[in-house]
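Notes follow once the structure below has been shown.
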Ligand SMILES: [Fe+2]
Ligand SMILES: [Fe+2]
Ligand SMILES: [Fe+2]
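Protein chains in written order, with my numbering: chain A, 171 to 264; chain B, 30 to 354.
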């Protein structure tokens with residue numbers, strides 16, 4: 171059995187109440203150590219107030235070859251953006 | 030540059046596939062780990078990112094050498110933070126390399142067996158405190174020159190690692206220059222130490238960018254793939270032009286009698302480093318090659334019980350948790 175520590179994906183929430191954001195990965199024997207390592211590797215300059223660690227093996231990613239079928243349908247739906255609609259200036263701020 | 034003379038790997042895929050890949054790069058798209066990529070691109074990147082990571086890690090040794098002997102508690106804390114950053118840089122880069130299908134242990138073993146290299150600069154000794162100033166100022170300065178354009182490299186994980194690293198490097202160079210200012214404005218003996226450090230680190234710093242473009246056989250493919258953004262000579266020229274006024278401010282003399290401003294090219298003329306020395310250092314015959322590898326080997330061997338022990342503990346706890354459920 172390999173003794174290489176498994177890989178973890180690290181997510182950090184910054185000071186300003188935004189979502190946890192993926193910042194990178196690191197190796198650690200378990201979740202507890204992953205949090206400790208993440209503190210040292212990814213928050214040396216006050217980058218965060220909260221850390222999530224997730225085993226990389228637990229992540230399911232969309233496949234690059236599905237890029238077309240997954241994301242193209244939204245390309246043609248420009249009406250989802252507010253700028254699609256012309257609102258007369260007289261109406262005021264909307 | 031932390032990755033010198035990275036050999037580009039040959040690629041044998043179908044021309045249509047290669048052209049499609051090149052078109053993505055030319056369009057400024059980022060290549061991500063699960064995307065299709067030529068074998069040569071993958072292997073060249075593993076070599077380059079791996080060499081870069083090894084350089085960050087081995088690069089801790091010459092500076093770590095002075096942590097316990099820093100002249101004040103503040104300098105000690107600063108140097109400790111700087112060296113800790115370099116460990117972080119190594120980790121960001123190893124992770125980027127691992128997305129290409131190589132394991133951390135494989136990379137470490139390749140370094141220890143000598144199959145993979147690290148930057149020639151870290152095979153020079155740090156003899157006294159002024160050298161710590163010169164390393165931050167010149168070595169991190171040269172590294173920044175190379176790393177800033179690499180933020181735009183085509184491989185997503187490498188580019189993101191470079192962005193993180195660049196945010197932290199400016200502190201490294203400034204703390205070094207700050208040491209140099211203190212020394213250069215100190216007693217005549219201290220100023221002489223600063224000058225001596227500059228004398229010894231100047232040419233090895235110029236070597237960091239790798240051999241001259243005319244002798245650099247691996248550049249063309251890497252530049253087309255945006256693994257390399259500028260040529261060695263371009264970066265070296267930029268580094269010299271940036272450093273000359275900084276040395277002047279310190280009242281120190283760059284150890285090159287040929288150094289002068291060339292109005293026509295809008296840059297300095299300067300002497301090439303001794304390339305035969307560079308090739309000797311790369312081959313393993315620099316002043317500290319053996320010492321650096323011994324230190325890495327020792328850390329790897331003596332850390333084995335710790336790596337294994339924590340893993341055994343983690344497995345035991347995971348098994349106990351499953352049993353309890
Ligand atoms: Fe670094
Ligand atoms: Fe560095
Ligand atoms: Fe640095």
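The beta carbon of each residue, even a glycine, is placed where N, CA and C say it ideally should be. Only a predicted model underlies this, so the values are computations on that prediction, with no experimental measurement involved.
Inset, instruction - Determine the direct distance from the alpha carbon of residue 212 of chain A to that of residue 108 of chain B, and round the result to whole angstroms. - result: Between residue 108 of chain B and residue 212 of chain A, the C-alpha separation is close to 19 Å.
Legend entry - Sequence-distant residues of its chain with Cβ nearer than 8 Å to residue 307 of chain B (five each side left out): Residues 149, 236, 240 of the same chain have their beta carbon placed closer than 8 Å to that of residue 307 of chain B, with the five preceding and five following residues left out of the count.
Legend entry - Cβ of residue 342 of chain B within 8 Å of any chain A Cβ: By this cut-off, residue 342 of chain B is an interface position.
Legend entry - Residue from A:176, A:173, A:248, A:183 with nearest C-alpha to residue 222 of chain A: The candidate whose alpha carbon is nearest that of residue 222 of chain A is A:183.
Legend entry - Contacts around residue 209 of chain B, its chain only, beta-carbon distance under 6 Å, and the 5 residues preceding and following it disregarded: For residue 209 of chain B, same chain residues with a beta-carbon under 6 Å away, outside a window of 5 residues either side, are 162, 166, 223, 279 in chain order.
Legend entry - Contact with chain B by residue 234 of chain A, beta-carbon distance below 8 Å: Output row for residue 234 of chain A: interface = yes.
Legend entry - Which residues DSSP lists as bridging residue 183 of chain A, in chain order: Answer is A:220, bridged to residue 183 of chain A.
Legend entry - Three-pair Cβ contact test at 8 Å for the stretch 223 to 237 of chain A versus the stretch 57 to 64 of chain B: Yes, the stretch 223 to 237 of chain A touches the stretch 57 to 64 of chain B.
Legend entry - ligand 3 heavy atom lying under 7 Å from the CB of residue 92 of chain B: Checking the Cβ of residue 92 of chain B against ligand 3 gives no.
Legend entry - Per-residue DSSP class, three states only, for residue 67 of chain B: Coil, per DSSP.
Inset, instruction - Please confirm whether residue 216 of chain A and residue 336 of chain B have their CB atoms less than 8 Å apart. - result: It is not a contact, given that the beta carbons lie outside the stated cut-off.
Legend entry - For residue 191 of chain A, the three-state DSSP class (helix, strand or coil): Strand, per DSSP.
Inset, instruction - Give every residue of the same chain whose Cβ lies closer than 6 Å to the Cβ of residue 171 of chain B, excluding the five residues on either side of it in the sequence, and list them in chain order. - result: So the qualifying residues of the chain are 234, 237, 268.
Legend entry - Interface positions of the stretch 107 to 119 of chain B facing chain A (Cβ-Cβ less than 8 Å), listed along the chain: Answer set for the stretch 107 to 119 of chain B: 110, 113, 114, 117.
Legend entry - Inter-residue Cα distance where the pair is residue 248 of chain A and residue 256 of chain A: Distance between residue 248 of chain A and residue 256 of chain A, taken at the CA atoms: about 13 Å.
Inset, instruction - Flag residue 264 of chain A as yes if its beta-carbon sits less than 8 Å from any beta-carbon of chain B, otherwise no. - result: Closer than 8 Å: no.
Inset, instruction - Enumerate in chain order the residues of its own chain whose CB-to-CB distance from residue 324 of chain B is below 7 Å, with the five nearest sequence positions on each side excluded. - result: Cβ neighbours of residue 324 of chain B beyond the five flanking positions: 90.
Inset, instruction - In the DSSP assignment, find the beta strand (DSSP E) that holds residue 238 of chain A and state where it starts and stops. - result: For residue 238 of chain A, there is no enclosing beta strand (DSSP E); the residue is part of the alpha helix (DSSP H) that begins and ends at 237 to 245.
Inset, instruction - Below 8 Å on the Cβ atoms is my guess for residue 264 of chain B versus residue 175 of chain B; work out the distance and round it to an integer in Å. - result: That pair is a contact at about 6 Å.
Inset, instruction - Thinking residue 224 of chain A and residue 179 of chain A are a contact (beta carbons under 8 Å), I'd like their distance in whole angstroms, please. - result: In this structure residue 224 of chain A touches residue 179 of chain A by the C-beta definition: roughly 5 Å separates them, less than 8 Å.
Inset, instruction - Compute the distance between the beta-carbons of residue 153 of chain B and residue 295 of chain B, then report whether it is under 8 Å. - result: No, the pair does not count as a contact, with Cβ atoms beyond the cut-off.
Inset, instruction - Put residue 265 of chain B into one of helix, strand or coil per three-state DSSP. - result: Three-state result, residue 265 of chain B: helix.
Inset, instruction - Could you pull out every unbroken beta strand (DSSP E) segment of at least 3 residues lying fully inside the stretch 269 to 302 of chain B, listed in chain order? - result: DSSP assignment within the stretch 269 to 302 of chain B yields the following whole beta strand (DSSP E) runs of 3 residues or more, N-terminal first: 289 to 291, 296 to 298.
Inset, instruction - Find out if the Cβ-Cβ distance for the pair residue 38 of chain B, residue 69 of chain B is shorter than 8 Å. - result: Against a cut-off of 8 Å, the Cβ pair of residue 69 of chain B and residue 38 of chain B comes out as a contact.
Legend entry - Identity of the residues DSSP links to residue 230 of chain B by a beta bridge: Looking at the DSSP assignment, residue 230 of chain B forms no beta bridge with any residue, so it has no partner.
Inset, instruction - Excluding the 5 residues preceding and the 5 following residue 197 of chain B in the sequence, name in chain order all residues of the same chain whose CB lies nearer than 8 Å to its CB. - result: Once the five neighbours on either side are set aside, the close Cβ partners of residue 197 of chain B are 114, 117, 118.
Legend entry - Within 8 Å, strictly: CB atoms of residue 343 of chain B and residue 210 of chain A: No, Cβ-Cβ distance for residue 343 of chain B and residue 210 of chain A is not below 8 Å.
Legend entry - Inter-residue Cα distance where the pair is residue 124 of chain B and residue 251 of chain A: In this structure, the CA atom of residue 124 of chain B is about 37 Å from the CA atom of residue 251 of chain A.
Inset, instruction - Please list, in chain order, all residues of the same chain as residue 93 of chain B whose beta carbon is under 8 Å from its beta carbon, the five residues on each side excluded. - result: Cβ within range, chain order: 112.
Legend entry - Test item: CB-CB of residue 195 of chain A and residue 228 of chain A under 8 Å: Contact annotation: residue 195 of chain A and residue 228 of chain A have beta-carbon atoms that are not nearer than 8 Å.
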